[in-house]
Amino acid sequence: MIKWKKFLAATAIVAIASYVINAVFGYYFNSLYDPVSGLWKAMYTPSWLQDAILADVIVAILSVFAYALVNTGLGKKSDITKKGLKFGLLLCLVKDIPRVTIAYSLMPIPGTILWVWAMSGFALSLFSGMIISAIYK
């Protein structure tokens, strides 16, 4: 059974954290994208911002829903940190590694950008797992 208040709170916090972490990584590593600027859509337009926020919300909804489904299988209820880290690693395996692998396979993206995407995805997945676990305690 989904606890809707916790579900909505976790979704909102994870979506905001995702947007902020992605924006910070994008800001600090913006110069990496210049050599391959032809691959990207026009950024920082109103429609791009709406799409980015919508994508973060959808991924947050799916992540929190997945946690609600597997919550009991992650360990003891009192061990929030371990549950959060386990779920964060699962998120990384299911979401981030395939995303980077597919991007590498289909697009001529420099390895440095893929590395940044992998590290930001790993950090965000662990952070999201910890947030969701703490809210669902």
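Each position in the sequence shown, counted from 1, maps to that position plus 28 in the working numbering. We put the beta carbon where it would ideally sit given N, CA and C, even for glycine.
Let me confirm a value: residue i is counted as buried when at least 16 other C-beta atoms fall within 10 Å, else exposed. Which label applies?
i    : result
T39  : buried
L82  : exposed
S75  : exposed
W143 : exposed
V128 : buried
Can you find the residues in the same chain that come closer than 8 angstroms, C-beta to C-beta, to residue i, ignoring five residues on each side of it along the sequence?
i   : result
L67 : M135, P136, I137
N99 : K111, Y164
F8  : Absent from the structure is residue 8, since the part of the chain shown begins at 29 and ends at 165.
Apart from the five residues on each side of it in sequence, which residues of its chain come closer than 6 angstroms, Cβ to Cβ, to residue i?
i    : result
K111 : L102, G103, S161
I41  : I159
Start and end of the alpha helix (DSSP H) containing residue i?
i    : result
M147 : 139-163
P136 : Segment: none, P136 is in no alpha helix (DSSP H) and carries neither H nor E.
Excluding the 5 residues preceding and the 5 following residue i in the sequence, name in chain order all residues of the same chain whose CB lies nearer than 7 angstroms to its CB.
i    : result
D124 : A146, G149, F150, S153
**Message:** Please give me, in chain order, every unbroken run of the alpha helix (DSSP H) with length at least 4 that falls completely inside the stretch 44-122.
**Reply:** Taking 4 residues as the shortest admissible run, the stretch 44-122 contains the following complete alpha helix (DSSP H) segments, listed from N- to C-terminal end: 74-98, 108-119.
**Message:** Count Cβ pairs between the stretch 141-161 and the stretch 106-121 that sit closer than 8 angstroms; are there 3 or more?
**Reply:** Output reads yes: the stretch 106-121 touches the stretch 141-161.
**Message:** Any contact between the stretch 119-126 and the stretch 146-160? By contact I mean 3 or more CB pairs, one from each, below 8 angstroms.
**Reply:** Taking one beta carbon from each stretch, the stretch 119-126 and the stretch 146-160 have 3 or more pairs nearer than 8 angstroms; the two touch.
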